[in-house]
Amino acid sequence: MKMQCGSEILLLLVFSAVSGLNVPIAQPSYDGVIRPTGDGREIAYMIPPFASSHASHVQPIVAGAGLAMVWFSGTKEGADNVSIVIAHLTTANSLAWSTAFVISRRPGYSNQNPVLHTSQDGSLHLFHSSQPASQGEDNASVWTAVAPDGIGAAPGMWSQPEEIFSKAGSFTKNRVLFALDNSTWLLPMYYATGPNDDQYSHIKTSNTLGQGPWGNLDFKDTSHLVQPTVIRSRSGYPRLTAFFRDRDAAHIYRATSDDDGKSWTSPAATPLPNNNAGIQACQLQDGRVAMVFNPTTKSRSLLAIALSEDEGLTWPHQRLLENETSGEFSYPTLFQDAVTRQLHVSYTFLRQTIKYTRLEVDWIARVR
Ligand SMILES: *[C@@H]1O[C@H](CO)[C@@H](O)[C@H](O)[C@H]1NC(C)=O
Ligand SMILES: *[C@@H]1O[C@H](CO)[C@@H](O)[C@H](O)[C@H]1NC(C)=O
Ligand SMILES: *[C@@H]1O[C@H](CO)[C@@H](O)[C@H](O)[C@H]1NC(C)=O
Ligand SMILES: *[C@@H]1O[C@H](CO)[C@@H](O)[C@H](O)[C@H]1NC(C)=O
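Residue numbers -20 to -1, 1 to 348, in mature numbering (1 follows the signal peptide of the UniProt record, and there is no 0), belong to the letters of the sequence shown in order.
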């Protein structure tokens, strides 16, 4: 068999800042170039704009133009001027991701958790949280910016960011979906804190292409369950399934709605563990559900992708994307390409950059 991993030749060794154990982690080239792994994946490491990178979101852009990736980058999480940056993988240059540039930065503040959403009018909308630098999450609010051309390939293609949700502690994390009318936006969000350490999940709605005023849909019993990832179980039906990050680091939780998000069941623990870190679910075209998550209650060093055939109740197939003993591989996101049906995945790589991976759904359960 022809070995395809030569292009991943290790250029240098770095030491994991996270573990403190001086376990060497092989550092690949952070050059945006797409390379095969030899086990059936294709991967790339974003060119990191600043010292620290976290919380990516990978998104298809209009009319087959390619992909966009957003994440937050700066000195370190919570520091002044930490910015939302964007890179593109276009059909015109499909061999490498472009160099990222800043699309939202606020002196005195630290920006976080970007989410992209393509509107039914073709424009590309950014949502992210922003908190006073070095002051914790209590006073975070949510901001938005728009690229009317749906691509946003240069800084001048983006509007000035504006605050939309000012309630203290407001955070975004996971994808927007459309309501059953195919036009109302459902933006899952959460409150990072509150008067009594009150952390819970929520959905904002817009039937004005994000112009406001925004409506509200409430989950039920989500205290300490945050960062909801919501999927439509079957196109054209009002059934939604939500999965939650567990602040108490035990399980991924799951709730369902049969009325398009107006009312929800109380969340119940799934068999999947959670380490109090970000997760994301994706409804596949064939009816199955894919989940990217850390398959442990402890560290962020293992990262997995799992498949469910029953709307997320059980997860018979699971495969590791990262199998390390130290270092952080976290905050994964994914979507399925509507035409090729490939999965596109992104996640934090050692807080140094973002790793992009694409794979066939069959890779997850493939005998190896
Ligand atoms: C953040 O940016 C502002 C404006 O560019 C600058 O004045 C300030 O020094 C920066 N903060 C840090 C910590 O670099
Ligand atoms: C949040 O804002 C309130 C009032 O604006 C202020 O009193 C409080 O100190 C702020 N807290 C943080 C953590 O920034
Ligand atoms: C929304 O889109 C789906 C899938 O294309 C379609 O089946 C459904 O009829 C549409 N619903 C409305 C209200 O247009
Ligand atoms: C993960 O790595 C450990 C060694 O650290 C190895 O024993 C195990 O087989 C690996 N698991 C998978 C699924 O590759």
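C-beta atoms are modelled at their ideal positions from N, C-alpha and C, and glycine is treated no differently.
Please find out if some non-hydrogen atom of ligand 3 comes closer than 8 Å to the beta-carbon of residue i.
i: residue 195; result: no
i: residue 160; result: yes
i: residue 216; result: yes
Rounded to whole angstroms, what is the Cα-Cα separation between residue i and residue j?
i: residue 83; j: residue 52; result: 10 Å
i: residue 289; j: residue 268; result: 5 Å
i: residue 300; j: residue 205; result: 25 Å
i: residue 47; j: residue 70; result: 6 Å
i: residue 19; j: residue 303; result: 14 Å
i: residue 108; j: residue 329; result: 20 Å
i: residue -4; j: residue 32; result: Summary for residue -4: the model assigns pLDDT 42, below 50, so the residue's position carries little reliability, and this model does not support an answer.
i: residue 345; j: residue 136; result: 44 Å
i: residue 309; j: residue 292; result: 23 Å
i: residue 179; j: residue 325; result: 27 Å
i: residue 342; j: residue 193; result: 43 Å
i: residue 241; j: residue 9; result: 43 Å
i: residue 16; j: residue 214; result: 33 Å
i: residue 339; j: residue 181; result: 31 Å
i: residue 131; j: residue 68; result: 8 Å
i: residue 1; j: residue 332; result: Because the pLDDT at residue 1 is just 48, under 50, the model does not fix this residue reliably, and the point stays unresolved.
i: residue 78; j: residue 65; result: 11 Å
i: residue 97; j: residue 128; result: 12 Å
i: residue 202; j: residue 73; result: 43 Å
i: residue 320; j: residue 212; result: 20 Å
i: residue 76; j: residue 312; result: 20 Å
i: residue 101; j: residue 44; result: 15 Å
i: residue 245; j: residue 133; result: 41 Å
i: residue 170; j: residue 281; result: 25 Å
i: residue 116; j: residue 347; result: 45 Å
i: residue 253; j: residue 188; result: 38 Å
i: residue 164; j: residue 255; result: 33 Å
i: residue 200; j: residue 208; result: 12 Å
i: residue 177; j: residue 305; result: 32 Å
i: residue 106; j: residue 307; result: 29 Å
i: residue 148; j: residue 225; result: 20 Å
i: residue 232; j: residue 298; result: 15 Å
i: residue 35; j: residue 186; result: 24 Å
i: residue 286; j: residue 81; result: 32 Å
Can you check whether the CB of residue j is closer than 9 Å to the CB of residue i?
i: residue 95; j: residue 162; result: no
i: residue 237; j: residue 250; result: no
i: residue 259; j: residue 28; result: no
i: residue 314; j: residue 38; result: yes
i: residue 263; j: residue 318; result: no
i: residue 110; j: residue 190; result: no
i: residue 90; j: residue 60; result: yes
i: residue 358; j: residue 172; result: What is shown of the chain runs -20 to 348, which leaves residue 358 out entirely.
i: residue 41; j: residue 104; result: yes
i: residue 57; j: residue 92; result: yes
i: residue 230; j: residue 277; result: yes
i: residue 54; j: residue 30; result: yes
i: residue 272; j: residue 327; result: yes
With a cut-off of 8 Å on the beta carbons, I'd call residue i and residue j a contact; round off their distance for me.
i: residue 167; j: residue 184; result: 4 Å
i: residue 234; j: residue 248; result: 6 Å
i: residue 261; j: residue 275; result: Contact doesn't hold; Cβ gap of about 14 Å is too wide.
i: residue 139; j: residue 121; result: The pair is not a contact, with the Cβ atoms about 17 Å apart (cut-off 8 Å).
i: residue 88; j: residue 113; result: 6 Å
i: residue 270; j: residue 323; result: 6 Å
i: residue 337; j: residue 21; result: 5 Å
Using a threshold of 8 Å, is the CB atom of residue i nearer than that to any non-hydrogen atom of ligand 1?
i: residue 112; result: no
i: residue 31; result: no
i: residue 60; result: yes
i: residue 135; result: no
i: residue 141; result: no
i: residue 55; result: yes
i: residue 88; result: yes
Under 9 Å between C-beta atoms, does residue i make it to chain C?
i: residue 27; result: Here there is only one protein chain, and chain C is not present.
I'd like to confirm something about residue i: is its beta-carbon nearer than 8 Å to some heavy atom of ligand 5, or not?
i: residue 50; result: The model on display carries ligand 1, ligand 2, ligand 3 and ligand 4 but not ligand 5.
Environment of ligand 4 in chain order, Cβ to heavy atom below 7 Å
Having a Cβ closer than 7 Å to some heavy atom of ligand 4 are 300, 303, 305.
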